[in-house]
Amino acid sequence: MTSTPSTRKALRLLAVVAASLVLAACTQDPELTTLGDDLAGPEARQIDNFLQWILWICYAVFAGVLGVTIYAWKNFGIDGDDYEEDDWPEQIHGNDKLEYAWTALPAILLFAIGLFTLTVHNSLNSEDTNPINVVVNGESVSWEPQVVVVGQQWWWEYQYHFGDVDVDQERVQTLPTPDITTATQMVIPVGQEIELEITSRDVIHSHWIPSLNGKRDAVPGRQSAPWKIEADRPGVYFGQCTEFCGLSHSRMRMQVVALEKPEFDAWIEAQMQGVPLDADTAAYVDALVAGDTAAPENSQQRAIATFRGKCASCHLMEGVADDLWSEESVAQKLVAGAAPNLTHFSSRTTFAGGIRNVWDPKTGEFNQNDLAQWLRDPASIKANFTELDERGRLRGMPNLELTTQEVDDLIGLLEITGPKPSPEVIEATGVEAPTEENAQGES
Amino acid sequence: MAIIDRPLAIGAGDEAAATADRPLGDLTRPKNSESWRDWLITVDHKKIGIMYGVAAMFFFVIGGAEALLIRLQLATPNGTLLSPEVYNQVFTMHGVTMIFLVIMPLAAAFANYLLPLQIGARDVAFPRLNALSFWVFLFGGLFLNSSWLLGGGADGGWFNYSPNSSVTFSPSHGIDFYALGLQITGIASLVSAINLITTVLNMRPKGMSLFRMPIFTWMNLVVQFLLLFAVPVISVALFELTFDRLFDANFFNTEKGADPLLWQHLFWIFGHPEVYILILPSFGIISEVIPTFSRKPIFGYSFMVFSGIAIGFMGWGVWAHHMFVSGIGPISVAAFSFSTMFIAVPTGVKILNWLATIWGGRLRFTTAMLFAVGVVSMFTIGGLSGVTHSIAPADTQQTDTYYIVAHFHYVIFGGALLGIFSGFYFWWPKMFGYMLNERIGKWNFWLQIVGFNVTFGPMHILGLQGMSRRIDTYDEDFGFEFWNLVATIGSFIIAAGIAIFFYNVAYSRKEWKKAGMPNPGPDPWDARSLEWMTASPTPEHNFDEEIIVESQDEFWHRKYGYDENNNVVRIATAEEVAQDGSNHNVHLPSPSYFPIVLALGLPIVSYGLIYSLWLCIPGAALIIYGFVGWIFEHPDDPNAAHDHHDDHGDSDDPEAVEAGAEDVDVDEVVAEAEEELVAAGAEMESDNG
Amino acid sequence: MASATAVVDEHAGHDDHGHAETNTGISNNKLAMWLFLSSDCLLFGALISSFLLYRTNISDGTEFEGPGEVFDIPFTSLSSFILLMSSLTMVLALSAVNRDDERSGRIWMLCTAFLGMLFIGGQVFEFTEFAGKGLGYTTNTWTSAFYTLTGFHGVHVSVGILMLLGTVFGTRNSGMGKEKSETVELVGLYWHFVDIVWVIIFTVIYLIPIG
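Taken in order, these protein sequences are the chains called X, L and C. Residue 2 is where the first sequence starts when you use my numbering, and the numbers rise one by one after that. Residue 3 is where the second sequence starts when you use my numbering, and the numbers rise one by one after that. Residue 39 is where the third sequence starts when you use my numbering, and the numbers rise one by one after that.
Next up, the structure:
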């Protein structure tokens, strides 16, 4: 070893840093991960198991290279700063046999890895979905578990079609109206392989729930080759858009909520209903739809008036403003041509692209603070593109200049859209919201 | 002979115009002088190489500052240093700057400076085109970065996927600057590729067959071929993007049914060979450094050459591994997964050959050697993580995460950049006539390599923990904060290492002046190839006389021989063998105004395309003036003696000297050279095929 | 094999021009031209690929039902024939220059340039026709790809015409002696390349029916 004092110092520093890194690594509690025991999907586990093997080979190769280097350093390094005039090693120009060997051996090794890769690749790309029975509008329907995943700036839409729709032959624009539409959260039954048809309404996004399976891009104008997802235990699994998609790419998150089959059935049943309104309010809505000018009598009716006036041209809320909403009108207002369906807003646990809680995970209360902030000034929570494009369309939620009264009324309406998710789901979600000062600093 | 050739100017009519009746009046060529203006009009490959290096280091500082901003933003969860808008611009410009304006031109700096020297030529084949390449690159880079002052940089990522790059989704001018700026630097790369390939294939002296060329020259030859074929593909993609954005074409307009994957295919058909364009020059550099400081020839020369060529070929068949999750279909994915794995084979051969070169050598750990050995192990990490990406199922988890960020930084920083620093320390005395301080150099190395591993090592973990790329913020619950903080600390250690390099340059230069500017001699490292066979710093005319080459490592074989026991014995000192640079009668190409004039027109036209077509008129006028002036300018300085048949005394005339050399070796050398040239020619044909 | 022969030539006798001696036997200028053309192949390759992708993509919502209805195949065939003939005149020009028949060389080069201009004229006419039928550059993906591909080719032909005229008129005072034959040869290389590319483009765009 011929290291100078400076090299020795540097090596010591390196050792200290490395040791502290290893110690600190054990204190993580990740929500997103592709590794180890936290995985909940058979696909993710299969990938992880395979990768671990490969990583061991990689460690071995690297240890070999580093070992040879260090051995050479210790044994062949010269003393002093310069060569002795006649201190020459044997001049070896090469060894063809050795060369052929170390060309062939890695090739054979890689060929073997390649064969294993193909096996895993095939199993990940083969479809194995079994139809399950779900109750739709009181009828038991056989459903090929399939969810259409639609990315847009900067949130995910999940569509459930129970009818006889050949989803993978259609572009997203030409699909029939889904039976269930949710935003930001996909609900699936546990232990069931779900086929995902992933596409996009604007730019390329990528749908990734690391603890369940790898990712798949959402490409506009293309339905991706099928990709599947399965959770083998109930829980909430986090995801993040992984293809750079513009301004709020980092705020485009989503969760998969895996429920036991009975809870999943209950979820479907609830999602098939409209907003639960009392008889008076329902009559009020009917009057508005008929074109009568009825005066709102309470907060909920005021909220419905506000919703119909300011929200309904982009957002759908079934049973409240169906008549005002059409795909064409949304396409004229928004680049993506869609805004989240709010019919069952409070049955979800996150909003604004999965970065804020709908329900406070600690108290279980409706998260009025964040919602009020979002309604008052969306850009303070999530950067949006508020300039109109060349065709006068928006990207993201604009600031609608709502009054405090209107905000309060709307929050009241949103809270009853439910049904409220189970406490376990609310607790398991709990996204960490940054403090308000931070959030405003971002905008 | 090629070595004393006039610069062969491009296009039609140059020599005709050079005769007495100059059709366009008196376009005489400027003369060399000692002032700074000389740098603007120089056509000397060495000065151009140095300018490439200086410009690239300037952009390196900008790109580095951008990197530090990224790291500061990500140091804590919910970082608020940069707005999402600015963050997107910063990471885009960091990538674009580091790839196109730092690593590529730094490689071009070494290639320009060293290729003619290593093959024993007087200059490149087209000196004026060489100057053009540099100025086009510089103005392209400045144009690209001027976007910061004109409303913000590109914000679509260096890969700039459509349709996010369309006007609808990126209405600022940033991506216009990206498309036009990269188009301009692409021109520079293409011109330079044609020039350097011609130089290497055509301008070698007698006996310098292709298989006697140093590995550095070989690797750069492969790189130039990659550029030759890769640049037009990205050019088409950038044209299409520009037409979409400026003239409403529909190449990437999904509303009219365009396929966004067109951009991805074109981009990665260029983009993957680009990876080898970045890394192979560094492989070349360390293949020169390691043998010198191991006192052994490179192990398996021909395998090193062929593995480089193999990488060059295979690099074209793997592009879709960047698109495993784009939905290109399971069969394509499987095929590209397989092809990608096998590109690890030639790379592995190289690593094993370097290790075999070190094995049993006499290792002298100068700073250059430390950096070179650093490349071997750091690049191995990058190569191995690359193998894990080639496994398509694993890639579905890894792609677009920090695992990828870690991977390509181990390749580009750990492979390319460390190799370039090795080259700095190695060739600095040859380029500038003084040595860089070794003690400070070792600080530079250790800070850089420690900082590098502290920065990018944790990113492997972050990626597998699920941290996406290109996010400006992350949640506290995600468990990313610790490793991100570590990485940020590491990035500042790197910055300190780089700062020490700049300090070393200034310090060493000051000490050298204080010591009365001692000359390091032609060969301070006891090196092996021809660039060490002339004085340091390299005289303007490179070599006093043409070198007749008889073996690989020609210079070493002139210094050393073997005794009866096959032990190495010195037969001559470097000073005895090396040329002293005293021949001032070697014909040199005259400087020219027109490369810089022509190059200046390109950014002006580009500004015109973005802001007002009127501005294109002066830009185009400048280009046309530069072009016409170029064609009709006198091929030489009319006042300098250039007709070597008449003006030089016999003894000074390089051709005469060369003829004298032939008298000694006569037929043997010529016959041998011929044989090898035939072989080389045949081989070149198969290369081209 | 060609370069091997050339290497033998290299030492056989080069008394007449001192600086054409290179390792490959191909002059620097010619090698550079070959390299440039090989690079240009990839340029057209990428453009043609883009066109092929959108060859059948005409869903723009207008009444345009496909290129078949606007193409005038006999007209385009004629202009293609003119361009091919210009390759012949280029060959004749080079052979004249090689024979030291400077006058014929100039005339044949002018013929070549003239035929090239005819072709460009045809292209301009065709573009105007298409635009008159409502097929603008921005109409759909097909038109964007079509105009870009044929436009790039047209620019190449135009550059070739400038090179021809430059060679003819740039050497007017100095004469075009035998040593200039290489310049003519280089222009010819470029010209033939552009012609061959047109044959491919013509086939891809006009001849292969849209299934």
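Virtual Cβ for every residue (Gly too), placed ideally from N, Cα, C.
Whole-angstrom distance between residue j and residue i, CA atom to CA atom
i, j, result
"lysine 311 (chain X)", "glycine 419 (chain X)", "21 Å"
"serine 172 (chain L)", "histidine 194 (chain C)", "32 Å"
"asparagine 455 (chain L)", "glycine 492 (chain L)", "7 Å"
"leucine 182 (chain L)", "valine 193 (chain L)", "17 Å"
"leucine 184 (chain L)", "phenylalanine 102 (chain L)", "8 Å"
"alanine 80 (chain L)", "alanine 226 (chain X)", "At residue 80 (chain L) the sequence reads asparagine, which differs from the alanine that was named. Their backbone Cα atoms lie some 35 Å apart in a straight line."
"aspartate 546 (chain L)", "arginine 124 (chain L)", "9 Å"
"phenylalanine 705 (chain L)", "aspartate 397 (chain L)", "Any property of residue 705 (chain L) remains undetermined from this structure, which presents chain L solely from 3 to 691."
"leucine 200 (chain C)", "histidine 94 (chain X)", "54 Å"
"valine 426 (chain X)", "glycine 314 (chain L)", "53 Å"
"leucine 152 (chain L)", "aspartate 246 (chain L)", "21 Å"
"leucine 148 (chain C)", "leucine 132 (chain C)", "12 Å"
"valine 307 (chain L)", "alanine 127 (chain L)", "23 Å"
"glutamate 428 (chain X)", "glutamate 100 (chain X)", "60 Å"
"phenylalanine 40 (chain L)", "proline 593 (chain L)", "The question names phenylalanine, but residue 40 (chain L) in the sequence shown is aspartate. Straight-line Cα distance between these residues: approximately 8 Å."
"glycine 68 (chain X)", "leucine 52 (chain X)", "23 Å"
"histidine 175 (chain L)", "serine 149 (chain L)", "8 Å"
Partner residues on chain C for residue i, Cβ-Cβ distance less than 7 Å
i, result
"leucine 264 (chain L)", "Ser88 and Leu91"
Residue from the options whose Cα sits closest to the Cα of residue i
i, options, result
"threonine 185 (chain X)", "X:Ala267, X:Ser300 and X:His208", "X:His208"
"leucine 202 (chain C)", "C:Thr221, C:Leu187 and C:Gly189", "C:Thr221"
"alanine 576 (chain L)", "L:His589, L:Trp558 and L:Asn569", "L:Trp558"
"asparagine 95 (chain C)", "C:Gly143, C:Asn178 and C:Val197", "C:Asn178"
"aspartate 281 (chain X)", "X:Asp293, X:Thr344 and X:Glu298", "X:Glu298"
"valine 290 (chain X)", "X:Gln301, X:Asp323 and X:Gln274", "X:Asp323"
"threonine 82 (chain L)", "L:Val98, L:Asp477, L:Leu108 and L:Val347", "L:Asp477"
"serine 87 (chain C)", "L:Glu242, L:Asn204, L:Leu144 and L:Ala113", "L:Glu242"
"alanine 45 (chain X)", "X:Leu116, X:Asn76, X:Ala380 and X:His122", "X:His122"
Cβ-Cβ distance between residue i and residue j below 7 Å
i, j, result
"serine 339 (chain L)", "threonine 403 (chain L)", "no"
"leucine 76 (chain L)", "asparagine 506 (chain L)", "no"
"valine 378 (chain L)", "alanine 84 (chain C)", "no"
"valine 138 (chain L)", "isoleucine 189 (chain L)", "yes"
"serine 510 (chain L)", "leucine 449 (chain L)", "no"
"valine 142 (chain X)", "methionine 187 (chain X)", "no"
"valine 320 (chain L)", "phenylalanine 326 (chain L)", "no"
"glycine 363 (chain L)", "serine 296 (chain L)", "yes"
"valine 607 (chain L)", "alanine 622 (chain L)", "yes"
"alanine 232 (chain L)", "proline 275 (chain L)", "yes"
Where residue i meets chain L, residues with beta-carbon distance less than 9 Å
i, result
"aspartate 390 (chain X)", "Val169, Thr170, Phe171 and Pro173"
"tyrosine 228 (chain C)", "Ordered by position in chain L, no residue passes the 9 Å Cβ test against tyrosine 228 (chain C), which lies about 11 Å from the chain."
Proximal chain L residues relative to residue i, where beta-carbon distance stays under 7 Å
i, result
"phenylalanine 63 (chain X)", "Thr382, Ile383 and Leu386"
"alanine 169 (chain C)", "Result: empty, since nearest Cβ-Cβ is about 14 Å, beyond 7 Å."
DSSP three-state assignment for residue i, whether helix, strand or coil
i, result
"valine 69 (chain X)", "helix"
"isoleucine 353 (chain L)", "helix"
"asparagine 358 (chain X)", "strand"
"serine 341 (chain L)", "helix"
"glutamate 428 (chain X)", "helix"
"aspartate 218 (chain X)", "strand"
CB contact check: residue i to chain D, cutoff 7 Å
i, result
"threonine 62 (chain C)", "Absence of chain D from the displayed structure is noted, the protein chains being X, L and C."
Chain-ordered neighbours of residue i on chain L, where CB pairs are closer than 8 Å
i, result
"lysine 216 (chain X)", "Val327, Thr398, Gln399, Thr401 and Asp402"
"asparagine 178 (chain C)", "Asn252, Lys258 and Gly259"
Closer than 8 Å at the beta carbon, the chain X residues around residue i
i, result
"tryptophan 361 (chain L)", "Val69, Ala73 and Phe77"
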